[in-house]
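> Those sequence lines, one after another, are chains A and R.
Heads up: the first sequence is residues 27 to 196, going by this note's numbering.
Heads up: the second sequence is residues 3 to 179, going by this note's numbering.
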Amino acid sequence: MSILDILKYPDPRLKNPSEPVTAFDEPLQTLIADLEETMRAGPGGVGIAAPQVGECVRVVMVDVSSKPKIKHHGCLILVNPEITAWDGYAVAREGCMSVPDYTGNVIRAVNISLKAQNAVGDTQEYDMEGYEARAVQHEMDHLDGLLFLDRLVSRRHDLFRRKTYQKKAQ
Amino acid sequence: MKNWFMLTLVGQDQKGIVAQVTAALYQAGCNLGEASMLRLGGNFSMMLMVNTQAESAALEQLLQPITQTLGLHLHLDTIEGQLHQHQEADVRISVHGADRSGIVAQVTEALAAAGLNIVDLASDVAGSEGEPIYIMQIEGVATQGIDALQAALEPLKQAQEDEDIQVHIAQIETLMM
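Right, here's the structure in full:
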């Protein structure tokens with residue numbers, strides 16, 4: 027296993043769409059292992075996409091289990107992922123290893139349903155929400171050559187939605 | 003380039019201020035850094051980092067025809083151009099209430115004493131002339147934690163009814179990927 031170099035914007039390779047994975051072979055397993063090590067070495071360490079290390083294949087990894095008190099599926103290896111359903115939206119702040127020294131507000135779906143293959147090619151389905159859903163959407167954008175910079179909304183007049191609309195009775 | 007300046011500019015809002023000022027700077031070989039520009043109460047204001055070989059007097063001279071024509075006030079300060087060192091805000095404070103003197107001072111004094119370092123503050127006077135309301139959004143770094151800020155604001159929340167302001171604190175959670 028090795029920690030790979032992360033491509034940094036404006037590296038043009040980050041704008042390339044990635045190709046579907048067809049062979050679940052040894053090189054794929056090596057890539058997955060390297061992605062995990064590289065992700066865990068990063069500042070946030072909750073997600074990574076293969077194109078961020080210069081491999082234009084549809085592989086992402088997400089692991090938000092370090093965040094307290096949220097629902098998650100542990101360490102997810104998503105090969106050829108597809109979002110099959112979206113629900114709700116929210117604005118939150120994101121940062122990216124490929125865009126150092128900047129964070130910005132991005133609108134993402136709150137709940138998603140997802141179909142993806144795992145490391146050996148079995149198809150899995152997931153329903154996820156919140157941070158995990160946001161992380162998956164962010165990483166999947168990389169597969170289409172998109173960065174969170176392409177989805178920024180205003181920092182000043184952002185729409186941070188209150189969790190509850192009813193004032194608690196005192 | 004050797005000098006960084008903070009260019010501060012203010013004047014009656016009108017079309018083309020940004021374009022004219024930045025075009026003149028660009029043509030003179032300046033490079034721009036971070037900036038904040040906005041309309042405040044009918045005025046347009048600009049705070050702009052400018053990197054240049056030129057000295058302050060030369061920059062002023064360069065912009066003089068534009069500031070004179072558009073009626074703008076310009077000020078230059080030599081600064082350290084500290085780029086690539088953004089401080090990430092981890093807390094957001096929203097304040098609103100009937101407009102009165104002292105809202106900003108009372109809120110920010112309490113927050114500063116509880117460890118808030120403000121990185122961004124925007125406020126507006128809205129409502130109507132007869133019944134103005136004040137709305138303020140602050141983002142900052144809670145150096146002593148968000149609970150300390152919450153506690154510091156409690157007395158303000160319990161102020162008398164005619165001084166009532168609504169204050170909400172929320173953590174800004176940045177998902178770093």
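Backbone N, C-alpha and C fix where the C-beta goes; we use that ideal spot for every residue, glycine too.
Considering only residues of the same chain and omitting the five flanking positions on each side of A/Ala195, which have a CB-CB separation below 8 Å?
As a position in the first sequence, residue 195 of chain A is number 169, starting the count at 1. Its pLDDT being 48, under 50, A/Ala195 is placed unreliably by the model, and the measurement read from it follows with that caveat. Nothing listed; no residue qualifies.
> Could you name the residues that DSSP lists as bridge partners for A/Asp167?
Stepping through the first sequence from its first residue, residue 167 of chain A is reached at position 141. Answer by DSSP bridge pairing: none, since A/Asp167 is not bridged.
> In terms of DSSP beta bridges, what is A/Thr129 paired with?
Locating residue 129 of chain A in the first sequence gives position 103, counting from the first residue. Its beta-bridge partners are A/Gly121.
> From R/Thr69 to R/Asn45, what distance separates their C-alpha atoms?
On the second sequence, position 67 is the one that residue 69 of chain R refers to. On the second sequence, position 43 is the one that residue 45 of chain R refers to. Using only the alpha carbons, I get a separation of about 14 Å.
> If you measure from the beta carbon of A/Thr129 to each beta carbon in chain R, is any gap under 7 Å?
If you number the first sequence from 1, residue 129 of chain A lands on position 103. Yes, contact with chain R.
> If you follow the alpha helix (DSSP H) that R/Gln152 is part of, which residue opens it and which one closes it?
Looking up residue 152 of chain R in the second sequence gives position 150. Segment 148-159, the alpha helix (DSSP H) holding R/Gln152.
> Once DSSP output is grouped into helix, strand and coil, what is the label at A/Lys193?
Numbered from 1 along the first sequence, position 167 holds the residue referred to as residue 193 of chain A. Unreliable placement is indicated for A/Lys193, whose pLDDT of 49 sits below 50; no coordinate value is reported for it.
> Anything in the segment 138-169 of chain A with a Cβ closer than 7 Å to a Cβ of chain R? List those residues in chain order, please.
Residues Tyr157, Arg160, Ala161, His164, Glu165.
> So what does A/Ile138 bridge to, in DSSP terms?
Stepping through the first sequence from its first residue, residue 138 of chain A is reached at position 112. DSSP, once it has assigned bridges, lists A/Trp112, A/Met154 as partnering A/Ile138.
> Excluding the 5 residues flanking A/Met27 on each side, which residues of the same chain have their C-beta closer than 7 Å to its C-beta?
The count along the first sequence starts at 1 and reaches residue 27 of chain A at position 1. Excluding positions up to five away in sequence, the list reads Ala59, Asp60, Glu63.
> Given a threshold of 16 other Cβ atoms within 10 Å of its Cβ, counted over all protein chains shown, does A/Gly121 qualify as buried or as exposed?
As a position in the first sequence, residue 121 of chain A is number 95, starting the count at 1. Answer is buried; the Cβ neighbour count reaches 16.
> Tell me which same chain residues have a C-beta within less than 6 Å of the C-beta of R/Thr10, skipping the five on either side of it?
Taking the first residue of the second sequence as position 1, residue 10 of chain R is located at position 8. Correct list, in chain order: Met49, His77.
> Compute the Euclidean distance between the alpha carbons of A/Asn144 and A/Val47, then round it to the nearest angstrom.
The residue given as residue 144 of chain A occupies position 118 in the first sequence. The residue given as residue 47 of chain A occupies position 21 in the first sequence. Cα to Cα, the separation comes out at about 11 Å.
> Quick one, which residues of the segment 71-99 of chain A are near chain R if we go by CB-CB under 7 Å, in chain order?
If the cut-off is 7 Å between Cβ atoms, the segment 71-99 of chain A has Val72, Gly73 near chain R.
> Please decide whether A/Pro69 counts as near chain R, where near means a Cβ-Cβ distance under 7 Å.
Position 43 of the first sequence, counted from the start, is the residue given in the question as residue 69 of chain A. A/Pro69 counts as touching chain R.
> If you drop the 5 nearest sequence neighbours on each side, which residues of the same chain put their C-beta closer than 8 Å to that of R/Thr145?
Start at 1 with the first residue of the second sequence, and residue 145 of chain R comes out as number 143. Result list for R/Thr145: Gly117, Leu118, Asn119, in chain order.
> Just list the residues that DSSP pairs R/Pro1 with in beta bridges.
Within the shown structure, residues of chain R are numbered from 3 to 179, placing residue 1 of chain R beyond reach of any answer.
> By the 8 Å beta-carbon criterion, what residues does the segment 117-128 of chain A contribute toward chain R?
Those would be Ala118, Arg119, Glu120, Gly121, Cys122, Met123, Pro126, Asp127, Tyr128, in chain order.
> Beta carbon of R/Ala124, beta carbon of R/Gln139: below 7 Å?
The sequence position of residue 124 of chain R within the second sequence is 122, counting from 1. The sequence position of residue 139 of chain R within the second sequence is 137, counting from 1. Taking 7 Å as the Cβ cut-off, R/Ala124 and R/Gln139 qualify as a contacting pair.
> When burial is assigned at 16 or more other CB atoms within 10 Å of the CB, is A/Asn106 buried or exposed?
Within the first sequence, residue 106 of chain A is the residue found at index 80, counting from 1. Its Cβ being crowded by 16 or more others within 10 Å, A/Asn106 is buried.
> On the three-state DSSP scale, how would you describe A/Ile29?
Mapped onto the first sequence, residue 29 of chain A falls at position 3. Coil at A/Ile29, not helix or strand.
> Within 7 Å of any Cβ in chain A, is that where the Cβ of R/Leu177 sits?
By one-based count along the second sequence, residue 177 of chain R stands at place 175. Closer than 7 Å to some Cβ of chain A, the Cβ of R/Leu177 qualifies, so yes.
> Pair every Cβ in the segment 18-31 of chain R with every Cβ in the segment 163-181 of chain A, then say whether three or more of these pairs are closer than 8 Å.
No, because fewer than three Cβ pairs between the segment 18-31 of chain R and the segment 163-181 of chain A fall closer than 8 Å, the two stretches do not touch.
> Could you tell me whether the segment 21-30 of chain R touches the segment 80-92 of chain R, using the rule of 3 or more Cβ pairs below 8 Å?
Not touching, per the Cβ criterion.
> Could you check what DSSP says for A/Val83 in three-state terms: helix, strand or coil?
Taking the first sequence and counting its residues from 1, one reaches residue 83 of chain A at position 57. Correct three-state label for A/Val83: strand.
> To which residues does DSSP link A/Ile96 through a beta bridge?
Counted from its first residue, the first sequence places residue 96 of chain A at position 70. A/Ile96 pairs with nothing; no bridge assigned.
> So, does the CB of R/His75 fall closer than 7 Å to a CB anywhere in chain B?
Any reference to chain B falls outside this structure, whose protein chains are A and R.
> Taking Cβ-Cβ distances shorter than 9 Å, what residues in chain A pair up with R/Glu90?
Start at 1 with the first residue of the second sequence, and residue 90 of chain R comes out as number 88. Near R/Glu90 (Cβ distances below 9 Å), the residues of chain A are Arg119, Gly121, Thr129.
> Tell me, please, which residues DSSP counts as bridged to A/Val162.
As a first step, residue 162 of chain A must be located in the first sequence, where it is residue number 136. None, per the DSSP bridge assignment.
> Is there a Cβ of chain R sitting closer than 7 Å to that of A/Ala195, yes or no?
Reading the first sequence from its first residue, position 169 is the one you call residue 195 of chain A. At A/Ala195, the pLDDT of 48 sits below 50, so the modelled position is not reliable and the matter cannot be decided from this model.
> Is it a yes or a no for the segment 74-84 of chain A touching the segment 28-43 of chain A, going by three-plus beta-carbon pairs under 8 Å?
Because the criterion of three Cβ pairs below 8 Å is met, the segment 74-84 of chain A and the segment 28-43 of chain A touch.
> I'd like to check one pair, A/Arg84 with A/Leu169: are the Cβ atoms closer than 7 Å?
Locating residue 169 of chain A in the first sequence gives position 143, counting from the first residue. Locating residue 84 of chain A in the first sequence gives position 58, counting from the first residue. Yes.
> R/Ile174 versus chain A: which residues are under 7 Å apart at the beta carbon?
Locating residue 174 of chain R in the second sequence gives position 172, counting from the first residue. Result: Arg119.
> With R/Gln19 as the anchor, note down where its alpha helix (DSSP H) starts and where it stops.
Along the second sequence, read from residue 1 onward, the residue named residue 19 of chain R stands at position 17. In the sequence under discussion, the amino acid at residue 19 of chain R is Ile, which differs from the Gln named in the question. Residues 19-29.
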